[in-house]
Amino acid sequence: MSGTSITGKATEETLPAVMAGAAVLKTRKRTNRGPGIPLWAIVVFGVSAVYFLLPLYATAVFGFSTGKHFTLQPLWDGLSDSGFQTSLQLSLTYSVVTTVLALAVVAPTAYLVELRYQRLRSTVEFLTLLPFVIPPIIMVVGLENVYGVDSPVNLIASSWAPVLLIGGYFVLTLPFTFRAIDNALRAVDVRTLSEASASLGAGPVRTFLRVIVPSISVGLVSAALLAFTTAMGEFTLAALLGYPTFPVYLLNVNSFQPHMGEALVLVSFLITWAGVIALALVARKTPGTQVVRGALM
Amino acid sequence: MSRLELINVTKRFGDQVAVSDFSLTIEDGELVSFLGPSGCGKTTTLRMTAGFEAPDSGMVIVDGKDVTDLPPNKRGMGMVFQGYALFPNMTANENVEFGLAVRNAPVAERRARVAELLELFGLSHVGKSYPHQMSGGQQQRVALARAVAIQPGVLLLDEPLSAVDAKVREELRTEIRRMQVQLHITTILVTHDQSEALSISDRVVVMNRGAIEEVGTPTQIYSEPQSAFTAGFIGAMNEIPVRVVSGAAGLVQHGGRRVAVSGALGLADGQRGLLLIRPEQLEPVGSSNAALNGDLTLTGRVEVQTFLGATTRLLVRESAASSGDAPATRLLAVDVPSASAGRWPAGSQLEVRIPASSSRVIADRTTEGAVVDRSAVAVPIVPDLGV
Numbered sequence: 062m063s064g065t066s067i068t069g070k071a072t073e074e075t076l077p078a079v080m081a082g083a084a085v086l087k088t089r090k091r092t093n094r095g096p097g098i099p100l101w102a103i104v105v106f107g108v109s110a111v112y113f114l115l116p117l118y119a120t121a122v123f124g125f126s127t128g129k130h131f132t133l134q135p136l137w138d139g140l141s142d143s144g145f146q147t148s149l150q151l152s153l154t155y156s157v158v159t160t161v162l163a164l165a166v167v168a169p170t171a172y173l174v175e176l177r178y179q180r181l182r183s184t185v186e187f188l189t190l191l192p193f194v195i196p197p198i199i200m201v202v203g204l205e206n207v208y209g210v211d212s213p214v215n216l217i218a219s220s221w222a223p224v225l226l227i228g229g230y231f232v233l234t235l236p237f238t239f240r241a242i243d244n245a246l247r248a249v250d251v252r253t254l255s256e257a258s259a260s261l262g263a264g265p266v267r268t269f270l271r272v273i274v275p276s277i278s279v280g281l282v283s284a285a286l287l288a289f290t291t292a293m294g295e296f297t298l299a300a301l302l303g304y305p306t307f308p309v310y311l312l313n314v315n316s317f318q319p320h321m322g323e324a325l326v327l328v329s330f331l332i333t334w335a336g337v338i339a340l341a342l343v344a345r346k347t348p349g350t351q352v353v354r355g356a357l358m
Numbered sequence: 349m350s351r352l353e354l355i356n357v358t359k360r361f362g363d364q365v366a367v368s369d370f371s372l373t374i375e376d377g378e379l380v381s382f383l384g385p386s387g388c389g390k391t392t393t394l395r396m397t398a399g400f401e402a403p404d405s406g407m408v409i410v411d412g413k414d415v416t417d418l419p420p421n422k423r424g425m426g427m428v429f430q431g432y433a434l435f436p437n438m439t440a441n442e443n444v445e446f447g448l449a450v451r452n453a454p455v456a457e458r459r460a461r462v463a464e465l466l467e468l469f470g471l472s473h474v475g476k477s478y479p480h481q482m483s484g485g486q487q488q489r490v491a492l493a494r495a496v497a498i499q500p501g502v503l504l505l506d507e508p509l510s511a512v513d514a515k516v517r518e519e520l521r522t523e524i525r526r527m528q529v530q531l532h533i534t535t536i537l538v539t540h541d542q543s544e545a546l547s548i549s550d551r552v553v554v555m556n557r558g559a560i561e562e563v564g565t566p567t568q569i570y571s572e573p574q575s576a577f578t579a580g581f582i583g584a585m586n587e588i589p590v591r592v593v594s595g596a597a598g599l600v601q602h603g604g605r606r607v608a609v610s611g612a613l614g615l616a617d618g619q620r621g622l623l624l625i626r627p628e629q630l631e632p633v634g635s636s637n638a639a640l641n642g643d644l645t646l647t648g649r650v651e652v653q654t655f656l657g658a659t660t661r662l663l664v665r666e667s668a669a670s671s672g673d674a675p676a677t678r679l680l681a682v683d684v685p686s687a688s689a690g691r692w693p694a695g696s697q698l699e700v701r702i703p704a705s706s707s708r709v710i711a712d713r714t715t716e717g718a719v720v721d722r723s724a725v726a727v728p729i730v731p732d733l734g735v
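Protein chains in written order, with this note's numbering: chain A, 62 to 358; chain B, 349 to 735.
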């Protein structure tokens with residue numbers, strides 16, 4: 062009986078205390094997390110962060126060591142390797158050319174589709190999605206058949222050969238560039254802006270360059286970014302067409318000098334990120350983009 | 349600054365005739381409104397004038413020169429769009445300057461012209477603002493300044509005020525008229541707002557189903573509409589069915605009673621017609637004026653009173669005895685000064701007279717099988733206020 066009463070007493074005393082404690086805990090948790098960020102979001106963020114950062118960490122640990130000790134020697138070796146410099150230069154050149162080509166072809170095409178040839182939209186969308194359906198390996202086989210040594214148009218053995226690689230890169234970037242630009246075009250009233258420009262006496266080219274391009278600058282920047290990174294990281298086409306681009310070089314180095322290879326992987330990662338941040342900063346400073354940001358806020 | 353002629357312009361979209369056989373001459377410096385319900389072809393006509401749509405047949409002529417096949421950027425017409433269509437990446441200054449830059453005008457001249465126009469539209473302080481930093485009214489003023497900067501021969505305004513709020517709309521329309529007169533620009537204004545069309549136009553073109561219903565000065569269109577469509581579209585109008593007794597003598601009959609209207613009718617004896625009279629022209633009998641001999645009077649019961657400010661509108665159900673119909677279903681709108689509206693509460697009897705001088709009779713085209721949308725020409729029904 063007494064035991065019961067003690068238990069009862071204890072319950073009476075502890076319950077409010079526990080509840081108060083829980084309340085304190087709750088408030089603390091809330092203040093710690095800040096308002097409006099639910100627990101599941103933090104968990105997802107944490108898991109993703111580990112998923113993305115762990116390989117980078119492992120790469121760094123491996124790249125900056127000779128097996129046992131931390132050293133930057135593999136990095137210095139890599140950076141001073143002539144193969145690194147030539148392959149990076151090659152990749153940068155091809156990627157820049159691909160990016161310029163992609164913007165120069167896709168932007169006017171998407172503009173014309175939006176403005177005048179709406180009924181061609183589904184066809185163009187389908188064409189731009191083809192690289193997802195046809196893998197690069199198939200593209201290489203096709204290119205070698207059409208432009209190879211047995212073909213009357215033998216580009217592969219000529220000095221025009223880089224055209225094949227850049228053409229291939231261009232096709233691979235289509236799904237990203239077309240979508241980025243098309244979304245931007247759909248967000249502005251292309252037809253009315255074009256008509257307003259025409260009524261002021263501007264021809265189609267001036268209208269496109271002076272009115273449409275600045276209005277879709279954010280889309281163009283993302284398209285450029287996607288085209289550039291796709292071309293920079295492309296391996297299959299370059300390897301099979303025999304171009305020692307940066308990814309091809311990295312693979313070779315990795316086979317023979319793994320520590321140096323991993324150190325250079327980190328370098329390439331940093332280069333890509335520097336590019337991404339630079340483009341994002343450019344986009345922020347473009348006046349037309351303020352409208353987009355205003356709309357988002 | 350230019351004389352604009354549209355000659356037999358026709359446009360079809362698939363099977364649909366958007367504009368049919370449209371002919372109109374707009375004189376130098378004239379402001380003409382295209383007025384009509386949505387889908388009447390007014391915007392399509394404007395777009396054909398601008399060159400954004402190619403007519404299937406017909407010609408667009410500016411100062412005697414055929415421009416039908418010229419692209420829009422070669423026509424030298426300024427246009428203001430419904431949603432402003434300012435270039436989002438350019439400041440107000442740059443927007444206004446754009447057309448001058450296209451024409452390769454010297455920089456100093458451009459700057460001076462831009463400053464002058466921003467001044468004219470009271471925009472000097474927003475010159476360096478981007479469109480998203482301006483109010484709707486300011487944006488529309490910039491759009492106007494941009495359109496007139498190129499000194500267009502013809503200025504085309506496509507519902508320019510529909511996107512701004514009511515108060516700004518009234519200010520802007522006065523401003524448009526002031527600017528148009530000052531710069532003497534031949535102008536077409538497309539609108540579905542009758543008060544806008546009536547208040548600032550030299551002439552109004554009433555359009556219906558792709559064709560011109562009527563062309564006239566605002567006063568003519570309001571006071572002497574030639575068709576039931578115009579009568580119904582412009583303001584509130586009572587339509588009282590009559591039968592012509594003598595077209596030559598101007599004698600008609602309604603509900604078995606004869607009434608003389610002013611002048612000959614141009615209608616055949618025995619033909620059905622519609623006597624048109626505005627709510628403010630119907631005079632309640634027994635207030636100060638007695639029914640004069642020869643005037644037609646109508647009687648009925650007041651159903652609803654609607655306060656409109658200076659006047660109050662009474663909706664009166666005409667009695668069977670008055671109309672000669674059984675049962676009577678016609679509602680008459682009668683405007684009385686609000687000060688005396690208390691005399692006719694809902695449910696009370698009212699007798700109104702139709703002064704012969706202010707009534708007009710037109711042919712009742714519905715009975716001849718003509719295409720007139722009856723729903724569009726009925727007296728606008730005032731919402732039931734639960735009185």
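Backbone N, C-alpha and C define an ideal beta-carbon position, used for all residues, glycine too.
Model, not experiment: these values are computed from the prediction.
Candidates the options: closest to residue i by CA position
i             : options                       : result
residue 394/B : 555/B, 574/B and 656/B        : 555/B
residue 350/B : 698/B, 375/B and 399/B        : 375/B
residue 575/B : 595/B, 596/B, 553/B and 416/B : 553/B
residue 690/B : 481/B, 659/B, 701/B and 427/B : 659/B
residue 161/A : 284/A, 339/A, 321/A and 294/A : 284/A
residue 712/B : 682/B, 616/B, 651/B and 435/B : 616/B
residue 657/B : 647/B, 686/B and 702/B        : 686/B
residue 756/B : 662/B, 678/B, 571/B and 604/B : An answer regarding residue 756/B cannot be provided, because it is not within the stretch 349 to 735 covered by chain B.
residue 597/B : 456/B, 603/B and 609/B        : 609/B
Within chain A, the residues that residue i reaches when beta carbons sit closer than 8 Å
i             : result
residue 361/B : Here the premise fails: no neighbours, minimum Cβ distance about 15 Å.
residue 736/B : With chain B running from 349 to 735 in the structure shown, residue 736/B is simply not present.
residue 711/B : In chain order: nothing, as chain A lies at least about 42 Å away.
Where residue i sits in the DSSP three-state scheme
i             : result
residue 231/A : helix
residue 464/B : helix
residue 523/B : helix
residue 649/B : strand
residue 602/B : strand
residue 710/B : strand
residue 419/B : coil
residue 432/B : strand
residue 36/A  : Residue 36/A is absent from the model: chain A starts at 62 and stops at 358.
residue 369/B : strand
residue 664/B : strand
residue 332/A : helix
residue 315/A : helix
residue 214/A : coil
Neighbour list for residue i in chain B, Cβ cutoff strictly below 9 Å
i             : result
residue 241/A : None at all; the shortest Cβ gap to chain B is about 18 Å.
residue 275/A : 435, 436, 437 and 438
Chain-ordered neighbours of residue i on chain A, where CB pairs are closer than 7 Å
i             : result
residue 421/B : 259, 262, 263 and 264
residue 704/B : Those do not exist, as residue 704/B stays about 51 Å from chain A at its closest Cβ, beyond 7 Å.
residue 498/B : 261 and 262
residue 446/B : 261
Contacts that residue i makes with chain A (C-beta to C-beta distance below 9 Å)
i             : result
residue 494/B : 257 and 261
residue 398/B : 256, 259 and 260
residue 426/B : 260 and 261
In DSSP terms, what residue i is bridged to
i             : result
residue 414/B : 409/B
residue 425/B : 502/B
residue 380/B : 536/B and 551/B
residue 134/A : The partner list for residue 134/A (beta bridge, DSSP) is empty, contrary to what the question assumes.
residue 336/B : Summary: the structure shown does not reach residue 336/B, with chain B confined to residues 349 through 735, and so no result is reported for it.
residue 631/B : 701/B
residue 531/B : Answer is none; residue 531/B lacks a bridge partner.
Neighbourhood of residue i by C-beta distance below 8 Å, restricted to the same chain and skipping five residues each side
i             : result
residue 507/B : 391, 430, 538, 539 and 540
residue 649/B : 664, 665, 667, 695, 696, 697 and 698
residue 542/B : 383, 581, 582 and 583
Chain-ordered neighbours of residue i on chain B, where CB pairs are closer than 8 Å
i             : result
residue 211/A : Chain B residues near residue 211/A: none, gap ~49 Å exceeds 8 Å.
residue 250/A : 431 and 433
Contact set for residue i: own chain, Cβ-Cβ below 7 Å, skip 5 residues either direction
i             : result
residue 216/A : 208, 222, 224 and 225
Chain-ordered chain B contacts of residue i [CB-CB under 7 Å]
i             : result
residue 253/A : 429, 431 and 433
residue 272/A : 435
Spatial neighbours of residue i in its chain, beta-carbon cut-off 6 Å, leaving aside the 5 residues before and after
i             : result
residue 189/A : 235, 236 and 239
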